[in-house]
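One point on numbering: in this note's numbering, the residue at position 98 of the sequence shown is 173, and numbering is uninterrupted. Note that the Cβ used here is the ideal one computed from N, Cα and C, for glycine as well. All remarks here apply to the structure that follows.
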Amino acid sequence: VLPQIINFIFEKKTRNIAIVGGSVDAYYHDAFTKFWELMESDLRDVVLTTENPEVWFFGHSLGGGLASITSTVVSAIKLVPSDRIKLVTFGQPRITDNLFAERHDDLVPYSFRIINRHDGLTSVPTRMSEMEKTGPFHHRYEVWYPDGMSQGARFVVSAIPEDGFGHDTIDLLLDVDDHVTMFDVVIGDWWQNNCTNESAAS
């Protein structure tokens with residue numbers, strides 16, 4: 076998290092992703108480029124050898140940003156039909172400009188950004204004027220849990236990105252617990268326990 080925050084505050088550089096159109100934060104662009112070099116051929120092999128493949132992308136924080144970019148690129152290159160691409164992210168920061176966000180919404184219709192209560196990292200870097208087209212900007216759909224994420228908790232869905240409702244209605248607060256905890260499970264503990272609810276709860 077610290078490298079992301081430092082980059083957002085002091086660097087504020089973006090790089091274009093030509094196949095999509097629009098730009099993403101330079102830190103995420105570089106991470107995605109390295110990640111994609113390692114996974115593209117494997118993903119192509121799986122897609123080509125699977126009947127009617129459906130590809131799901133998930134990620135938390137930095138991983139959410141990478142999942143968002145990757146799902147958009149996979150759709151843009153038509154590796155998988157857009158209606159068979161699903162994206163769900165947790166605690167994802169603002170990482171793209173307006174154009175990339177708009178292209179994402181067109182290319183990945185099934186796309187949800189989940190935010191836990193006062194997770195301020197999802198509002199970093201801060202948004203510029205509504206008239207500013209260079210970003211940073213979020214894609215849709217935002218799913219905000221204003222009272223925490225216990226079973227049965229209420230949530231607010233914003234169909235229009237950056238609409239001034241939902242999570243945008245609260246002051247920018249960086250609550251680390253809200254960033255690292257999803258559905259009452261600490262993400263770091265969950266993956267270390269083989270991604271099982273039983274192990275995470277014990």
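- Rounded to the nearest whole angstrom, the CA to CA distance from D264 to R159 is 31 Å.
- P221 is bridged by DSSP to G223.
- In the DSSP assignment, I262 falls within the unbroken alpha helix (DSSP H) covering 262-267.
- Y220 is not a Cβ neighbour of F187, given a cutoff of 8 Å.
- Here T125 carries a coil assignment [DSSP, helix/strand/coil].
- CA-to-CA, the gap between G195 and A234 works out to about 20 Å.
- The C-alpha of P211 lies about 35 Å from the C-alpha of L123.
- Separation of the CB atoms of L182 and S157 is rounded to 6 Å, and the pair is thereby assigned contact status at 8 Å.
- By the Cβ neighbour-count rule, S116 is exposed, with fewer than 16 other Cβ atoms within 10 Å of its own.
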